[in-house]
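Engineer: Pasting a structure below so you can have a look.
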Ligand code: SF4
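So this is what it looks like as structure tokens:
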């Protein structure tokens, strides 16, 4: 099903919906063209738990850069067993990955910002694009308290992609860490073991590191670029825009 309603009507319909209503609405109206795309951080796991109760069958997808932490792969297996679902994995194109590594080496992201972005493009952005091609409704675990760059994250945003409309929903955008933790504890939501090791944002091995208490949640990403501003701690998957 393709999104045909006007932006205004769609936002009106979604404006007062809580997260559970959004999951129900997406499954009812968009079925297999709706899905959660998660990197198995805390918000994504809470979304999966909520979805499993009110809209079981909604797709769960991930971008597997092939450089994730073993703890993240273990969590994926745990989530599959706990909720009886199959996580759809979108991986880098093998030929493009092979060429990148042959030209620049496995650790090109240390060289400069452009090469880090190139690595993210091959390993993250392109597989994410492939995942989004299969969706009309994209659930994401973005939260406004993640970073300054994300403070304006809308809960619903109609974006244009390759000449078509894609509805991006961040149902927990206004939840803070305390609320996420309280939900996780109350419902026994599986959690990435990396949080116990001091990580506050989780991505690839080496590129994500633990943070100190006074640091921002995404400060552990690409630490060797810490002289750059917050916007440079994004990998290109999430771009700005308006919404509600
Ligand atoms: S986070 Fe690092 S290893 Fe992962 S895709 Fe980006 S640059 Fe490559």
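Residue numbers (our numbering): 523 to 766.
Glycine included, each C-beta is placed from N, C-alpha and C at the ideal position.
(1) Express the C-alpha separation of residue 663 and residue 796 in angstroms, rounding to a whole number.
(2) Any chance the region 686-696 sits against the region 708-719, with 3 or more Cβ pairs inside 8 Å?
(3) Residue 727 lies in the alpha helix (DSSP H); which residues open and close that run?
(4) Taking the alpha-carbon of residue 734 as reference, which of 614, 629, 723 has the nearest alpha-carbon?
(5) Given this structure, state the Cα-to-Cα distance separating residue 548 from residue 731, to the nearest angstrom.
(6) Under the assumption that residue 557 contacts residue 657 (Cβ atoms under 8 Å), give the Cβ distance between them as a whole number of angstroms.
(7) Looking only at its chain, what residues have a beta carbon closer than 6 Å to the beta carbon of residue 705, apart from the 5 residues adjacent to it on each side?
(8) If you compare alpha carbons, which of 606, 597, 586, 574 is closest to residue 612?
(9) What residues does the ligand SF4 have around it, judged by CB closer than 6 Å to any heavy atom, in chain order?
Structural biologist: On the basis of the data shown:
(1) The question about residue 796 has no answer, for the chain in this structure spans 523 to 766.
(2) no
(3) No alpha helix (DSSP H) contains residue 727, which DSSP labels as neither H nor E.
(4) 723
(5) 35 Å
(6) 6 Å
(7) Closer than 6 Å at Cβ, skipping near neighbours: 568.
(8) 586
(9) 587, 589, 631, 638, 641, 642, 645, 646, 725, 726, 729, 757
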